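Taking my numbering, I'd label the letters of the sequence shown as residues 10 to 154.
Worksheet: one structure, shown below.
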Amino acid sequence: MSKKALGLDLGKVTLGISYSDTLEIVHPLTTLRFKSNQYRETFSEIKKICDENEIDEIALGYPLHLSGEQSERSKICLEFKKELEQLYPHLHVHLVDERLTSVEAHRYLNNMNVSHQTRKKVVDQMAAIEILDTYLRRRKNENGK
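Next comes the structure, spelled out in structure tokens:
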């Protein structure tokens, strides 16, 4: 049976969250909102979600420039990862290149004719799904399954 994982898409004021079940099917979960760059407000909720869902690991979106170089958001994500691991050392946090995940999420929602109002509410969760799905496929390839 596979480990359960959480997918996180960290923005300036939102945290999109998805999760995988033991069959590695990825589901949207929620979007947490916080004051600009005050992401620490989300840590207790992340722990609660991990405890309730028996999460073993986290796939955290890592925003790079299209050139592959770090961005200012990349540095914030690294700090987020470090603080999360210090608070909850039993959780393994993996960085996942998230270039174009939000673009992909918007494209998908457009193709599904989702209204602009609804899209604003779920786009971060959709990006978190892309991040987690990318991580799970990479993990599967590395394990040769």
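Note that the Cβ used here is the ideal one computed from N, Cα and C, for glycine as well.
Note that the structure is predicted; figures quoted are calculated from it, not measured.
With residue i as the anchor, note down where its beta strand (DSSP E) starts and where it stops.
i: SER29; result: 23–29
i: GLY16; result: 14–19
i: LEU41; result: 35–42
i: LEU104; result: 101–106
Can you have a look at residue i and say buried or exposed, based on whether 16 or more other CB atoms are within 10 angstroms of its CB?
i: GLU107; result: buried
i: PRO98; result: exposed
i: GLN95; result: exposed
i: ILE55; result: buried
i: GLU92; result: exposed
i: GLU139; result: buried
i: ILE34; result: exposed
i: ASP60; result: exposed
i: LEU141; result: buried
Is residue i close to chain C? Criterion is C-beta to C-beta, closer than 8 Å.
i: HIS74; result: Among the protein chains of the structure shown there is no chain C, as only one such chain exists.
So, are the CB atoms of residue i and residue j less than 8 Å apart?
i: ASN46; j: LYS21; result: yes
i: LEU5; j: SER29; result: It is not possible to answer for residue 5, since the shown part of the chain is limited to 10 through 154.
i: LEU19; j: ILE58; result: no
i: LEU32; j: LEU24; result: no
i: SER53; j: ALA137; result: no
i: VAL105; j: THR143; result: yes
Residue i lies in the alpha helix (DSSP H); which residues open and close that run?
i: GLU92; result: 81–96
i: GLU66; result: Unbroken run through GLU66 is the beta strand (DSSP E), 66–71; no alpha helix (DSSP H).
i: PHE52; result: 52–62
- Item | Cβ contact check for the stretch 67–84 and the stretch 37–45: 3 or more pairs under 8 Å | no
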